[in-house]
Each structure stands twice: as structure tokens, then as C-alpha cells.
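Presented below is the structure to which this report refers.
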Amino acid sequence: MEFRKNFLWGGAVAANQIEGGWNLGSKGLSVADVAQYRPQLDVTDYQRQVGVTTADIQVAIKAQSAKDYPKRRGIDSYHRYQEDIALFAEMGFKTLRFSIAWTRLFPNGDELEPNPAGIKYYQNVIKELKKYQIEPLVTLSHYEMPLHLAVERNGWADRRTIADFVRFAKVCFENFSDVKYWLTFNEIDSVTRHPFTSAGIIPDRTANLIQAEYQALHHQFVASAKVTKLCHQLIPESQVGCMLTKVTTYPATAKPEDVLAAFNKNTLNYFCADVQVKGEYPQLIQQFFKNNQIELTVLPEDLAIIRENTVDFISFSYYMSMLAAADESGMEMTSGNTVLGGKNPYLETTEWGWTVDPVGLRISLLELYDHYQKPLFVVENGLGTHDQLTQDGKVHDDYRIKYFKSHLSEMAKAVAAGVDLLGYTSWGPIDLISASTSQMSKRYGFIYVDQDDNGNGTLNRYRKDSFYWYQKVIATNGQSL
Ligand code: BGP
Numbered sequence: 329m330e331f332r333k334n335f336l337w338g339g340a341v342a343a344n345q346i347e348g349g350w351n352l353g354s355k356g357l358s359v360a361d362v363a364q365y366r367p368q369l370d371v372t373d374y375q376r377q378v379g380v381t382t383a384d385i386q387v388a389i390k391a392q393s394a395k396d397y398p399k400r401r402g403i404d405s406y407h408r409y410q411e412d413i414a415l416f417a418e419m420g421f422k423t424l425r426f427s428i429a430w431t432r433l434f435p436n437g438d439e440l441e442p443n444p445a446g447i448k449y450y451q452n453v454i455k456e457l458k459k460y461q462i463e464p465l466v467t468l469s470h471y472e473m474p475l476h477l478a479v480e481r482n483g484w485a486d487r488r489t490i491a492d493f494v495r496f497a498k499v500c501f502e503n504f505s506d507v508k509y510w511l512t513f514n515e516i517d518s519v520t521r522h523p524f525t526s527a528g529i530i531p532d533r534t535a536n537l538i539q540a541e542y543q544a545l546h547h548q549f550v551a552s553a554k555v556t557k558l559c560h561q562l563i564p565e566s567q568v569g570c571m572l573t574k575v576t577t578y579p580a581t582a583k584p585e586d587v588l589a590a591f592n593k594n595t596l597n598y599f600c601a602d603v604q605v606k607g608e609y610p611q612l613i614q615q616f617f618k619n620n621q622i623e624l625t626v627l628p629e630d631l632a633i634i635r636e637n638t639v640d641f642i643s644f645s646y647y648m649s650m651l652a653a654a655d656e657s658g659m660e661m662t663s664g665n666t667v668l669g670g671k672n673p674y675l676e677t678t679e680w681g682w683t684v685d686p687v688g689l690r691i692s693l694l695e696l697y698d699h700y701q702k703p704l705f706v707v708e709n710g711l712g713t714h715d716q717l718t719q720d721g722k723v724h725d726d727y728r729i730k731y732f733k734s735h736l737s738e739m740a741k742a743v744a745a746g747v748d749l750l751g752y753t754s755w756g757p758i759d760l761i762s763a764s765t766s767q768m769s770k771r772y773g774f775i776y777v778d779q780d781d782n783g784n785g786t787l788n789r790y791r792k793d794s795f796y797w798y799q800k801v802i803a804t805n806g807q808s809l
């Protein structure tokens with residue numbers, strides 16, 4: 329097995345989980361800035377975000393406290409990006425996946441002119457990366473749409489958001505034109521799992537939530553196709569990818585009814601890729617819409633835009649697999665990455681109940697490549713744990729090394745089987761605020777950040793044992809695992 333010569337090893341972060349500086353440089357509030365820290369949060373609540381109400385948002389807008397809203401403080405990368413990038417460079421990163429906070433460039437989302445301070449900030453970040461020959465991989469939208477657009481018009485459920493997003497993307501392409509790799513929407517399929525953070529939809533005032541979610545998704549597909557076209561025009565050598573949550577579902581038993589249940593879940597999981605890679609809505613999803621009384625407003629030109637502007641590569645997050653059965657009533661359930669499914673008795677789970685399934689990564693790579701014959705990019709994968717910082721500033725995270733070893737060796741087998749893989753970015757190479765729980769104590773990093781769930785700590789950075797392990801993996805292009 330050999331990874332390609334210029335294989336893009338690195339890590340992935342999102343603006344709202346690292347930057348902090350939520351009100352600096354004229355930044356506006358985003359949906360992430362009002363996501364509360366709720367340690368007892370049940371993941372099924374998070375999935376539907378039933379807890380998000382108009383009243384909550386009004387309280388959050390007024391609040392100045394970053395204690396209750398930990399994404400507002402992040403890990404202070406807004407001020408410390410140079411130090412963080414130097415650490416990534418020390419590990420030998422070839423790429424860093426990060427996102428642009430829309431609200432730094434357009435505080436409300438619908439202004440006509442961008443905020444120069446926001447542009448400057450990301451130009452500095454990109455300059456710093458280039459200094460170390462680290463290729464930026466930029467996500468345009470990672471759960472951080474302007475709150476104003478959510479409050480004023482239910483976010484992506486409103487067609488006008490397409491034009492605002494295209495304006496934002498154009499500013500990015502014009503001002504960050506030495507970025508070659510772009511992703512449009514992080515885990516685009518998540519709109520139907522957490523509609524507020526993914527699409528700015530406020531559930532308590534949405535009459536037909538399912539309908540609004542699929543309409544929002546349609547608008548995102550159109551926006552994604554439009555900005556793909558624009559990116560290719562403005563940056564001719566650019567490569568634009570879609571980004572999916574890959575959760576492979578296995579049948580709970582060999583019973584044909586269970587196999588069918590797994591097939592149905594996987595088909596839904598593929599739907600967003602089908603639209604963005606093949607350029608059309610699959611027949612089965614169209615029938616699903618009819619069967620569920622979902623009636624989308626689709627303009628005639630939408631389908632042509634989607635058809636003519638498909639993506640160059642497919643990127644995805646991979647954390648786990650799940651089980652499905654025809655009758656799930658008596659089944660032990662598990663959840664993770666805001667997906668709910670049956671628990672697999674053959675696999676272990678993390679402290680947060682996420683199933684650990686390295687072979688599932690190989691299966692995902694093989695399935696996706698077989699389905700679409702497009703280059704793939706693993707842009708998220710990792711283990712969230714509690715870590716212990718020792719007196720002498722070390723973190724002995726052999727469990728993390730074990731996790732990565734098993735996943736990377738399965739990934740290598742997929743490459744050996746013929747999968748065209750562009751790169752691998754682990755999730756959260758530096759500890760950051762968790763997306764689903766807003767906890768700091770759920771750590772993914774090779775680098776430890778001294779901060780607790782309440783925002784106490786020096787914010788100093790420490791190299792964990794896994795830091796040196798990953799450094800060697802990159803130096804040997806994956807030969808030494
Ligand atoms: C993905 C998101 C990331 C990230 C990751 C881990 O769904 O794209 O933003 O946070 O999951 O999830 P969590 O932070 O909830 O552990």
C-alpha cells in the first residue's frame with residue numbers, strides 16, 4: 329500500500345469551535361454563538377434541536393457571557409493562530425481544514441459590502457499557513473450562519489439566503505484566491521438532524537419542520553452549485569468538494585427485513601452526495617418526498633444549475649457505524665455525531681457512546697468510491713475523550729494513538745484496493761469546543777489546551793504523546809503507523 333506522493337495529511341477545525349473573539353473585529357453573532365452549554369443535553373434533543381426557541385435566542389442575544397455560550401470563547405485562536413499553526417507545522421501538516429465565519433465578513437449576512445477586518449483576519453491566517461507550505465482547505469459554511477438571517481427569515485428555508493451566500497463566497501474567492509481546495513457546506517445532510525445550527529431554522533416557529541428542512545437543503549444545493557461555478561471561474565485551478573456525514577448502517581441481523589431497513593437508511597445517507605456529485609435528485613428520494621407530503625419549491629433553473637456544476641471530489645466525516653432493523657422497538661440504541669441508530673454488540677463505544685469501527689471507515693471509502701468514482705477526502709475522524717494533563721505538562725493518550733492506528737490502517741487497505749484518496753484531516757488536531765455538547769472536556773487533539781468547561785485555565789498549549797506519533801505518520805507518508 330502507498331498513499332499518493334502529495335497526500336494531504338493534516339487536521340480539521342471550524343471557526344466557531346476555535347476562534348473566540350465572537351464580538352471582535354466587528355463580527356456579528358452566528359447561530360453557533362447562541363448555542364448554550366447544556367451538560368445534561370440528551371442527544372435526541374440535540375438532533376431535532378427542539379430546545380431551540382425564539383425566546384432562548386432573545387436571551388442569548390442579550391447575554392454577554394461566554395460562560396454559558398462556550399463557542400463564543402473557543403480556544404482563543406483568534407489571537408493565537410500563529411502559535412497554533414506553528415504547532416501544526418511542527419507535526420508536519422500538509423493541509424489545515426478550517427472554516428470562514430460568515431459573520432466576520434458579513435456581520436448580519438445580508439450587507440452588500442464586506443467587513444475589511446474579517447477579510448484581513450483570514451488573509452493573515454492563510455499567509456501564516458503558506459509560510460509553512462500548509463495547503464489551506466476551506467469550508468465556506470460550518471454551522472455558523474449569521475444569526476440575523478435565522479431570526480429574520482428562518483435561515484436557509486428562505487430562498488433569499490442563496491444570494492447572500494453567493495455574495496459571501498465571491499468575496500472569499502476574490503480575497504483568498506491562493507486557496508485551491510474548498511468545501512461548500514459542512515455535513516450538508518445534517519439540516520434534517522439539527523436544523524438550527526445547520527440551517528438557521530428555528531423549530532418553534534416553523535409550521536412544517538420537515539418541509540422547511542428539505543426546502544433549506546434544496547436552497548443549499550443550489551447555492552453550493554452556484555458557488556462551485558463561481559469558484560471554478562475565479563480560481564481556475566481550484567477543486568471544490570461536497571462534505572457529508574458518513575454513517576454506514578449495517579443490518580442488525582441477516583433477516584431480509586433488517587437488510588431492507590439498513591438499505592433504506594443508507595439510501596437516505598447517499599441522497600446529498602447524489603445531488604451534488606451526479607447533479608440530480610435520485611428517484612427514490614423523489615418518491616420519499618411524495619410519500620411524506622413534502623412539496624419543494626424548485627425553480628426550473630435550479631435543476632440546470634445543480635446538473636451543470638457538480639463537485640470535483642467528495643469529502644466526509646467518519647466517526648462510527650450503526651445498526652438498523654425493521655422493528656427497532658426492543659433494540660439497544662446508540663447515538664453519535666447527532667445520528668441515532670442501533671448499537672452494535674461487536675464494537676466498543678467511546679465515553680460519549682460513539683461506536684468505534686475502523687473497518688467501517690474502509691467500508692465507507694469503498695462504498696463511496698464504488699458509487700461515484702470520484703476522488704475522496706476524509707476530512708474528519710477522531711476520538712473524543714477526557715484527557716489528563718500531568719504535572720510535567722504531558723498527556724499520555726495511548727488510547728488516541730490506538731484509535732488512529734486502527735483507522736489509518738483500514739484507510740490504507742482501502743487505498744490498496746484502489747480508492748483514489750486525496751488526503752486525511754483528523755478532527756480537532758488541537759482540543760476545541762465540542763459541536764454537540766459545547767464541552768471543552770471532550771477532547772480530540774494532538775495538542776492539549778488548558779481550559780475547562782467553564783472557561784477557566786491558562787489556554788496554554790501542550791503536546792500530547794499522540795502529537796509525536798502523528799508527526800511520524802506524516803513524515804513517513806503513512807508507512808509508520
Ligand atoms: C462533526 C462536526 C464537527 C465536530 C465533530 C465532533 O459533526 O462537523 O464540527 O465537532 O462532529 O462532534 P462533537 O464535537 O460533538 O464531539
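My numbering applies: residue 329 is where the sequence shown begins, and numbers increase by one.
Backbone N, C-alpha and C define an ideal beta-carbon position, used for all residues, glycine too.
Here the structure is a predicted model, which means the values were calculated and not measured.
{"Asked": "Own chain residues within Cβ distance below 8 Å of TYR578, not counting five before or after", "Found": "ALA590, SER649, MET650, LEU651, ALA652 and ASN672"}
{"Asked": "Run of the beta strand (DSSP E) containing LYS671, from where it starts to where it stops", "Found": "It is not in any beta strand (DSSP E) - LYS671 carries neither H nor E in the DSSP assignment."}
{"Asked": "Chain-order list of residues whose beta-carbon lies under 6 Å from that of VAL667 (same chain, five-residue window excluded)", "Found": "VAL575"}
{"Asked": "Selected residue, minimal CA-CA separation from THR556, among GLN604, HIS699 and VAL687", "Found": "GLN604"}
{"Asked": "Residue nearest to VAL453 in terms of C-alpha spacing, selected from MET473, ALA497 and VAL507", "Found": "VAL507"}
{"Asked": "Cutoff 7 Å; reference GLN410; Cβ partners in own chain excluding five residues on either side", "Found": "GLU456"}
{"Asked": "Rounded separation between LEU465 and ASP685 - CA only", "Found": "26 Å"}
{"Asked": "Candidates CYS600, ASN620, GLY569 and TYR646: closest to LEU545 by CA position", "Found": "CYS600"}
{"Asked": "Proximity winner among VAL380, TYR609, SER769 and LEU612, relative to ASN482 (alpha-carbon distances)", "Found": "VAL380"}
{"Asked": "Outcome for ILE389 when other beta-carbon atoms lying within 10 angstroms are tallied against a minimum of 16", "Found": "exposed"}
{"Asked": "With 16 other Cβ atoms within 10 Å as the buried cut-off, status of LEU521", "Found": "A quick correction: the sequence has Arg, not Leu, at residue 521. The residue in question, ARG521, is buried, as its Cβ has 16 or more Cβ neighbours within 10 Å."}
{"Asked": "Bridge partner(s) assigned by DSSP for TYR578", "Found": "LEU651"}
{"Asked": "Beta-carbon proximity check, TYR798 vs GLU708, cutoff 8 Å", "Found": "no"}
{"Asked": "The region 635-644 / the region 701-716 touching (three or more Cβ pairs under 8 Å)", "Found": "yes"}
{"Asked": "Cβ pair HIS476, ASN436 closer than 8 Å", "Found": "yes"}
{"Asked": "Near ligand 1: ARG712 beta-carbon under 7 Å from a heavy atom", "Found": "Residue identity check: residue 712 is Gly in the sequence provided, not Arg. True, at least one ligand heavy atom lies under 7 Å from that Cβ."}
{"Asked": "Own chain partners of SER737 with C-beta closer than 7 Å, once the 5 adjacent residues on each side are dropped", "Found": "LEU809"}
{"Asked": "Residue range of the beta strand (DSSP E) that includes VAL707", "Found": "704-708"}
{"Asked": "Residue closest to ASP396, alpha-carbon to alpha-carbon, out of THR678, SER405 and ILE385", "Found": "ILE385"}
{"Asked": "Limits of the unbroken alpha helix (DSSP H) element including SER794", "Found": "793-803"}
{"Asked": "Per-residue burial, HIS724 [other beta carbons within 10 Å of its own, 16 or more giving buried]", "Found": "exposed"}
{"Asked": "Any non-hydrogen atom of ligand 1 within 7 Å of THR677 CB", "Found": "no"}
{"Asked": "Test item: CB-CB of TYR450 and PHE501 under 8 Å", "Found": "no"}
{"Asked": "First through last residue of the alpha helix (DSSP H) which encompasses ARG332", "Found": "It is not in any alpha helix (DSSP H) - ARG332 carries neither H nor E in the DSSP assignment."}
{"Asked": "Chain-order list of residues whose beta-carbon lies under 8 Å from that of GLU608 (same chain, five-residue window excluded)", "Found": "ASP602, LEU631, ILE634 and ARG635"}
{"Asked": "Where GLN410 sits in the DSSP three-state scheme", "Found": "helix"}
{"Asked": "TYR697, buried or exposed, once every other Cβ within 10 Å from all chains shown has been counted against 16", "Found": "buried"}
{"Asked": "Top-ranked residue by Cα proximity to ALA712, from PHE732, ASP720 and LYS702", "Found": "Looking at the sequence provided, one finds Gly at residue 712 rather than Ala. The shortest Cα separation from GLY712 among PHE732, ASP720 and LYS702 belongs to PHE732."}
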